[in-house]
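A.B. asks: Residue numbers (this note's numbering): 285 to 584.
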């Protein structure tokens, strides 16, 4: 059946007013247009809905049945259309975001909490993965976008840098480097380093900085998470170069943290697949993560 929404709205109004002229005034149609909508609706259904005389309009049995059920149907339709409109405006829906462990632990919780507070219809689902897996999930379309350390190769990605932060030194408080107010990269020569492994987006940047400053040292341990690094340093197994964002909010009371000079920064980057536009709801989540990172940078 080729029944239009306007035909149903006109019938619903006529069923309420029992008058074609008043219906026309209420919904902005002429009386002949109202009559034509009813005639077309009856033709599609194959039966009469109204008994019309010059004095009154009454509902047939079929008309009574339709009039009784139509308000609920129209209400559900309006609700569905509102839901879709909210989806189009970025106010409702589910967004899947992948991020590397350091960012998952130290940036994304605030983003998720902000989302719940300001966009309650938007569900932000986090996938906590190694950076290489984050990039793979972005390129495969498994997630809407990713939050990563500077990915280097960007040909297949649309990228936006949302935060830059420096690397710093962490070491036991009794270590010789802890006596310095700031540490030069060349001061790391000969030290045993406990570093993030190559699955981390930071490791490539750390290796490059060490090489550019001609630092020869031993990588004693390679681990997957900063918390493991802190425990190893606490046990006296070496020193470490870590991103500032990896430091817990309460600091590291059992370790010394010193700035490294000259300063070397890493970029935190939002990425999505090139030539695949973000949906409105994913764009809203992207904007929210950017806003949280920007506010964090301004308060640092």
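We put the CB at the ideal spot given by N, CA and C, even for glycine.
1. Could you check the C-alpha separation between residue 277 and residue 430 for me, to the nearest Å?
2. Would residue 539 and residue 455 be called neighbours here (beta carbons separated by less than 8 Å)?
3. Exposed or buried, what is residue 475 when buried is set at 16 or more other beta-carbons lying within 10 Å of its beta-carbon?
4. If you follow the beta strand (DSSP E) that residue 520 is part of, which residue opens it and which one closes it?
5. Comparing C-alpha positions only, which one of 571, 583, 531 sits nearest to residue 399?
6. Tell me residue 335's beta-bridge partners as DSSP assigns them.
7. Under a three-way DSSP split, which group does residue 293 fall into?
8. Apart from the five residues just before and just after residue 557, which ones in its own chain have a Cβ nearer than 8 Å to its Cβ?
9. Taking the alpha carbon of residue 555 as the reference point, which residue from 506, 286, 290, 567 has its own alpha carbon closest?
10. Keeping to the same chain, check which residues put their C-beta closer than 8 Å to that of residue 261; ignore five residues upstream and five downstream.
11. So residue 387 is in the alpha helix (DSSP H); what residue range does that whole segment cover?
12. Quick test of your reading: residue 552 and residue 525, contact by CB under 8 Å. State the CB separation rounded to the nearest angstrom.
13. Would you mind sorting residue 446 into buried or exposed? The rule is 16 or more other CB atoms within 10 Å of its CB.
14. Starting from residue 321 and walking both ways along the alpha helix (DSSP H), at which residues does that stretch end?
15. Are there 16 or more other CB atoms within 10 angstroms of the CB of residue 307, so buried, or fewer, so exposed?
16. Could you work out which residue in 413, 396, 541, 412 is closest to residue 406 when comparing CA atoms only?
17. For the beta strand (DSSP E) containing residue 477, name the first residue and the last one.
18. Report buried or exposed for residue 318, applying the criterion of at least 16 other Cβ atoms within 10 angstroms of its Cβ.
19. Runs of 4 residues minimum, wholly inside the region 416-496: which ones carry the alpha helix (DSSP H) assignment?
20. Between the alpha carbons of residue 346 and residue 285, how many angstroms are there, rounded?
21. For the beta strand (DSSP E) that contains residue 583, what are its first and last residues?
22. Give me the DSSP bridge partner(s) of residue 503.
23. Is the region 350-366 in contact with the region 530-548, if contact means three or more CB pairs nearer than 8 Å?
24. If we count the other Cβ atoms within 10 Å of its Cβ and call it buried at 16 or more, is residue 408 buried or exposed?
25. Counting C-beta neighbours from all protein chains within 10 Å, is the total for residue 314 16 or more, i.e. buried, or is it exposed?
26. In terms of residues, what are the limits of the beta strand (DSSP E) holding residue 540?
27. Is residue 561 helix, strand or coil when you go by DSSP?
28. Work out the CA separation of residue 523 and residue 515 for me, nearest whole Å.
29. Would you mind working out which of 331, 327, 294 sits nearest residue 316, comparing C-alpha positions?
C.D. replies: Looking at the coordinates:
1. Nothing can be reported for residue 277: it is not among the residues displayed for the chain, which extend from 285 to 584.
2. Counting from 1 along the chain shown, the entry for residue 539 is found at position 255. Counting from 1 along the chain shown, the entry for residue 455 is found at position 171. Yes. Within cutoff.
3. To locate residue 475, count along the chain shown from 1; it is residue 191. So residue 475 ends up on the buried side.
4. Indexing the chain shown from 1 puts residue 520 at position 236. Residue 520 -> no beta strand (DSSP E), and no H or E assigned at all.
5. Looking up residue 399 in the chain shown gives position 115. Checking every option, the nearest Cα to that of residue 399 belongs to 571.
6. Numbered from its first residue, the chain shown carries residue 335 at position 51. 342.
7. The residue given as residue 293 occupies position 9 in the chain shown. Three-state result, residue 293: helix.
8. Mapped onto the chain shown, residue 557 falls at position 273. Around residue 557: 422, 423, 425, 440, 441, 442.
9. Taking the first residue of the chain shown as 1, we reach residue 555 at position 271. Looking at the Cα atoms, 567 is the closest of the given residues.
10. Since the first residue of the chain shown is 285 and the last is 584, residue 261 is not available in this structure.
11. Counted from its first residue, the chain shown places residue 387 at position 103. Here the alpha helix (DSSP H) through residue 387 covers 385-390.
12. Locating residue 552 in the chain shown gives position 268, where the first residue counts as 1. Locating residue 525 in the chain shown gives position 241, where the first residue counts as 1. So it is not a contact: roughly 17 Å between Cβ atoms.
13. In the chain shown, the residue the question calls residue 446 occupies position 162. Under this definition residue 446 is a buried residue.
14. Residue numbering aside, residue 321 sits at position 37 when the chain shown is read from its first letter. 315-329 is the span of the alpha helix (DSSP H), which, as asked, contains residue 321.
15. The residue you call residue 307 lines up with position 23 of the chain shown. Buried, because 16 or more other Cβ atoms sit within 10 Å of the Cβ of residue 307.
16. Here residue 406 corresponds to residue number 122 of the chain shown, with the count starting at 1. Ranking the options by Cα distance to residue 406, first place goes to 396.
17. Along the chain shown, one-based indexing puts residue 477 at 193. From DSSP, the beta strand (DSSP E) with residue 477 extends over 476-480.
18. As a first step, residue 318 is located in the chain shown; it is residue number 34 there, counting from the start. It is buried - the Cβ of residue 318 has at least 16 other Cβ atoms within 10 Å.
19. 485-496
20. On the chain shown, position 62 is the one that residue 346 refers to. On the chain shown, position 1 is the one that residue 285 refers to. Their backbone Cα atoms lie some 16 Å apart in a straight line.
21. Looking up residue 583 in the chain shown gives position 299. First-last for residue 583: 564-583, but that is the alpha helix (DSSP H), not the beta strand (DSSP E).
22. Counting from 1 along the chain shown, the entry for residue 503 is found at position 219. BP columns for residue 503 point to 477.
23. no
24. As a working mapping, residue 408 is identified with position 124 in the chain shown. Buried: at least 16 other Cβ atoms inside 10 Å.
25. Walking along the chain shown from the start, residue 314 turns up at place 30. Label assigned to residue 314: exposed.
26. The sequence position of residue 540 within the chain shown is 256, counting from 1. Element bounds for residue 540: 540-545.
27. Working through the chain shown from its first residue, we reach residue 561 at position 277. In this structure, residue 561 counts as coil in the three-state DSSP scheme.
28. To locate residue 515, count along the chain shown from 1; it is residue 231. To locate residue 523, count along the chain shown from 1; it is residue 239. C-alpha separation (whole angstroms): 11 Å.
29. Working through the chain shown from its first residue, we reach residue 316 at position 32. Answer by Cα proximity: 294.
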